[in-house]
Amino acid sequence: MRMRAVEVGWKLSKARNRWLLWKDRLGRLQWFETGRVNLYVRKPANLGRAYQLICNAFSFTGLITDIKVLEEVLKGIRFKGAHYVFPVGERLPKLTIDLFQKSNGIVIKVGDDTHPDSLEVLATYPDWAEKNERLFEQLQETLKNLLGSGPRSLPRRDDYVS
Numbered sequence: 016m017r018m019r020a021v022e023v024g025w026k027l028s029k030a031r032n033r034w035l036l037w038k039d040r041l042g043r044l045q046w047f048e049t050g051r052v053n054l055y056v057r058k059p060a061n062l063g064r065a066y067q068l069i070c071n072a073f074s075f076t077g078l079i080t081d082i083k084v085l086e087e088v089l090k091g092i093r094f095k096g097a098h099y100v101f102p103v104g105e106r107l108p109k110l111t112i113d114l115f116q117k118s119n120g121i122v123i124k125v126g127d128d129t130h131p132d133s134l135e136v137l138a139t140y141p142d143w144a145e146k147n148e149r150l151f152e153q154l155q156e157t158l159k160n161l162l163g164s165g166p167r168s169l170p171r172r173d174d175y176v177s
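To convert, count from 1 in the sequence shown and add 15; that's my numbering.
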């Protein structure tokens with residue numbers, strides 16, 4: 016399927032891990048051999064534009080033709096991070112505040128080379144939060160398998176004593 020992707024407009028990277036690249040006006044996708052796809056949406060970034068970018072790269076090229084498969088792909092989109100720039104109108108001294116990077120996934124930069132007159136906020140979904148989310152989903156699945164998927168009939172008790 017990856018070789019067919021190159022035939023329909025994806026570009027093969029020169030990187031050693033041989034990821035594929037899809038670029039259009041909405042953003043770009045990186046498709047790795049492991050199956051992971053990184054999605055970078057141009058601003059104004061929103062979920063609708065992310066869905067459209069996935070459809071442009073996979074559905075409209077003919078790589079995914081089954082609507083059920085496409086729905087599963089779209090359901091798997093997860094927010095990983097964003098980059099916000101707030102112009103202040105004057106050049107600022109260079110400063111990076113990474114105190115909250117591990118706990119909350121936030122880095123604040125001012126006066127760097129890319130935006131010397133702006134405050135930048137780099138927000139990422141912390142790895143520990145993503146791992147906890149996966150563990151919680153696995154726990155839910157395990158409990159569902161142990162207890163059964165249907166509602167259990169428990170004896171009804173009075174909520175109050177008269």
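Positions of the beta carbon are idealized from the N, C-alpha and C atoms, including for glycine. Since the structure is predicted, the reported quantities are computational estimates derived from the model, not experimental observations.
Which parts of the segment 68 to 102 are runs of the alpha helix (DSSP H), unbroken and 4 residues or longer, counting only runs that do not cross its ends?
82 to 90
Residues near residue 116 by beta carbon distance below 6 Å, same chain, minus five either side
122
Among 103, 137, 109 and 75, which one has its Cα closest to the Cα of residue 125?
109
Report yes if the CB atom of residue 68 is closer than 9 Å to the CB atom of residue 44, and no otherwise.
yes
DSSP beta-bridge partners for residue 42?
DSSP, once it has assigned bridges, lists 39 and 56 as partnering residue 42.
Leaving out five residues on either side along the sequence, give the residues of the same chain with a beta carbon under 7 Å from the beta carbon of residue 94.
140
Would DSSP call residue 49 helix, strand or coil?
coil
Quick one: what's got a C-beta closer than 7 Å to residue 100's C-beta in the same chain, skipping five residues either side?
Answer for residue 100: 130, 133 and 135, listed in chain order.
For residue 82 and residue 111, I'd like the C-alpha separation in whole angstroms.
45 Å
By the DSSP assignment, the beta strand (DSSP E) with residue 118 in it spans what residues?
Looking at the DSSP string, residue 118 is not in any beta strand (DSSP E); the run it does join, the alpha helix (DSSP H), is 116 to 119.
Skipping 5 residues on each side, what residues in its chain have a beta carbon closer than 8 Å to that of residue 120?
96, 138, 139, 140, 141 and 144
Could you please give me the residues that DSSP links to residue 138 through a beta bridge?
In the DSSP output, where bridge partners are listed per residue, residue 138 has 97 and 121.
Minimum C-alpha distance to residue 51 - residue among 149, 34 and 160:
Distance check between residue 51 and each of 149, 34 and 160 places 34 closest, using alpha-carbon atoms only.
Go to residue 129, then tell me how far its beta strand (DSSP E) extends in each direction, as first and last residue.
Note, residue 129: premise wrong, no beta strand (DSSP E); not H, not E.
DSSP state of residue 29 mapped onto helix, strand, coil:
coil
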